[in-house]
Amino acid sequence: MIGQISPIAMANIGWKFYMLFVCLNLVDLIAIILFFPETKGKTLEEMNTVFGDQVTFNEKEGTEEKELATQEKAAILTKVLRYPMCTEEVVKHLLQHLPEGVQHIKASKFDVPRRLFRSLASDNGPIDWERDPRFQFLQYLFDSPGIPDPNLNSFDGYALTKAVHARCIPLVRFLLKHGADPQQKNCLAVFVAIRQKDLALVKLLIERDDSPYTELPGTGKRKRRRFEDRVIVNAAMLRAAVKCDARDIVNYLAWEKGCVPDMQTLHMMTS
Numbered sequence: 000m001i002g003q004i005s006p007i008a009m010a011n012i013g014w015k016f017y018m019l020f021v022c023l024n025l026v027d028l029i030a031i032i033l034f035f036p037e038t039k040g041k042t043l044e045e046m047n048t049v050f051g052d053q054v055t056f057n058e059k060e061g062t063e064e065k066e067l068a069t070q071e072k073a074a075i076l077t078k079v080l081r082y083p084m085c086t087e088e089v090v091k092h093l094l095q096h097l098p099e100g101v102q103h104i105k106a107s108k109f110d111v112p113r114r115l116f117r118s119l120a121s122d123n124g125p126i127d128w129e130r131d132p133r134f135q136f137l138q139y140l141f142d143s144p145g146i147p148d149p150n151l152n153s154f155d156g157y158a159l160t161k162a163v164h165a166r167c168i169p170l171v172r173f174l175l176k177h178g179a180d181p182q183q184k185n186c187l188a189v190f191v192a193i194r195q196k197d198l199a200l201v202k203l204l205i206e207r208d209d210s211p212y213t214e215l216p217g218t219g220k221r222k223r224r225r226f227e228d229r230v231i232v233n234a235a236m237l238r239a240a241v242k243c244d245a246r247d248i249v250n251y252l253a254w255e256k257g258c259v260p261d262m263q264t265l266h267m268m269t270s
């Protein structure tokens, strides 16, 4: 209809024809403001309630809401824990104002704060990490039932790499136990240990030492069941060990782990 009357109206009244649409829009605006319910910030389910529909939430919808609340809590903790002023007392107070009643909260993760590990390499002398306030705070983040687990592989495995660089073995074991992956950032933590010529640390990063024991029937002895290594040894690691003249690591990678050297590494070994 608009297409049929528009040419006639434009020919007779010209630009005044547009005022018809302006007036209609003003009437619609007033009607929306006065009579239409507000839907800003509402979910689809909440909008059904706003318009008078009866809504029943099933178990799946309730689970989704809990997952969203858990993710929201993890995102808040990721931001807050960046600041040194965020101590254990601050986190406890913050948790009182975050969504509660979330099941499986440990299934979500938040980024572990880098500030806990940034000064490891600059610490003077050996670190009594188990008594260090940073470790106690990290332990609290893992042990508290109301907090998602820290993601130790955030920032390309920054936490494990710094711990390896500082040669803080108790911390390295703790991080590996709680899911830190030495393969982050192209196995940077392993290369750091190789450059330090620390064979024990290299083995700790590559091999799993948490494999369960199995009883040998009739002998009374136990045997550790070996799991797959955390890291797949490659020629680049062997080349780095050769460059550092870390012969014990070269023998470990080549003979125990069966790493085959490339031509460049083989030339370095024979020269």
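In terms of numbering that gives the first Met the number 0, the sequence shown opens at residue 0 and continues consecutively.
The C-beta atom is built at its ideal place from N, Cα and C for all residues, glycine as well.
For the beta strand (DSSP E) that residue i lies in, which residues bound it at each end?
i: Asp228; result: No beta strand (DSSP E) contains Asp228, which DSSP labels as neither H nor E.
Look up residue i in the DSSP assignment and give the residues it is bridged to.
i: Pro149; result: Phe109
Tell me where the alpha helix (DSSP H) around residue i begins and ends.
i: Tyr82; result: No alpha helix (DSSP H) holds Tyr82; DSSP gives it neither H nor E.
i: Thr38; result: Taken as a continuous stretch (DSSP letters only), Thr38 belongs to no alpha helix (DSSP H), as it is neither H nor E.
i: Thr264; result: 262-269
i: Gln3; result: 1-12
i: Cys186; result: 183-194
i: Tyr251; result: From DSSP, Tyr251 is part of no alpha helix (DSSP H); its letter is neither H nor E.
i: Val90; result: 87-94
i: Arg133; result: 132-142
i: Leu170; result: 168-176
i: Ala240; result: 234-242
i: Lys15; result: Premise fails: Lys15 is in no alpha helix (DSSP H) and is neither H nor E.
i: Asn201; result: Sequence inspection shows Val at residue 201; the Asn mentioned does not correspond to that position. First-last of the alpha helix (DSSP H) with Val201: 198-205.
What residue from the options has the CA that sits closest to residue i's CA?
i: Asp180; options: Lys15, Asn47, Tyr157; result: Tyr157
i: Pro147; options: Leu200, Glu71, Gln182; result: Glu71
i: Leu140; options: Arg229, Leu97, Glu87, Gly2; result: Glu87
i: Lys196; options: Val163, Leu174, Val21, Phe109; result: Val163
i: Leu203; options: Asn185, Ala239, Arg166; result: Arg166
i: Leu159; options: Ser143, Asp142, Pro132, His177; result: His177
i: Arg81; options: Ile75, Ala73, Pro112; result: Pro112
i: Asp110; options: Leu137, Leu33, Ser153; result: Ser153
i: Ala235; options: Pro36, Ala30, Leu115, Pro260; result: Pro260
i: Glu206; options: Val191, Ala239, Arg238, Arg172; result: Arg172
i: Val189; options: Asp208, Leu237, Ala8, Ser118; result: Leu237
i: Pro169; options: Val201, Trp128, Ala199; result: Trp128
i: Pro36; options: Ser5, Thr48, Val26; result: Thr48
i: Arg298; options: Cys85, Lys108, Leu25, Thr269; result: Since the displayed the chain opens at 0 and closes at 270, residue 298 lies outside it and no answer follows.
i: Arg194; options: Cys243, Leu151, Cys22; result: Cys243
Our contact map puts residue i next to residue j with C-beta atoms below 8 Å; I'd like the distance itself, whole angstroms only.
i: Val230; j: Gln182; result: 6 Å
i: Lys256; j: Val232; result: 4 Å
i: Lys161; j: Phe116; result: 4 Å
i: Cys258; j: Leu265; result: Actually they do not touch by this definition, with Cβ atoms about 12 Å apart.
i: Asp247; j: Leu200; result: With a Cβ gap of about 12 Å, Asp247 and Leu200 do not count as contacting.
i: Leu43; j: Ile75; result: In fact, because the Cβ distance is near 24 Å, the residues do not count as touching under 8 Å.
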